[in-house]
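Below: one structure, written as structure tokens.
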Amino acid sequence: RTYHRRSIEITELRTALQGQVTALQGNVTALQAQVTALQGQQGLAGGPTQPELLKEAGSGS
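Set out below in structure tokens:
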């Protein structure tokens, strides 16, 4: 019974984590769209490129 309870709990936690991952993927997509829109406003004249912005975003600063 303990095994069965843990199995159910693991399944529930996995489902919750998958939901969080899906939500984060949506956030990333929205941020990428914002970056693209900002690049369009800048006309890419002297502004940072998307890879540079993504690198900064991933640096934790």
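Counted the way the UniProt record's numbering counts, the sequence shown spans residues 1 to 61.
Where a beta carbon is used, it is the ideal one built from N, C-alpha and C, also for glycine.
Pull up the distance between the alpha-carbon of R1 and that of Q18, whole angstroms please.
-> 26 Å
Just how far apart, CA to CA, sit E12 and L24?
-> 19 Å
When you compare only the Cα positions, how much space is there between E52 and R5?
-> Each residue's Cα considered, the two are about 47 Å apart.
Same chain, Cβ closer than 7 Å to K55, neighbours up to 5 away in sequence not counted = none
May I ask you to check if the CB of A16 is nearer than 6 Å to at least one heavy atom of the ligand FMN?
-> Looking at this structure, you won't find the ligand FMN or any other ligand, since it has none at all.
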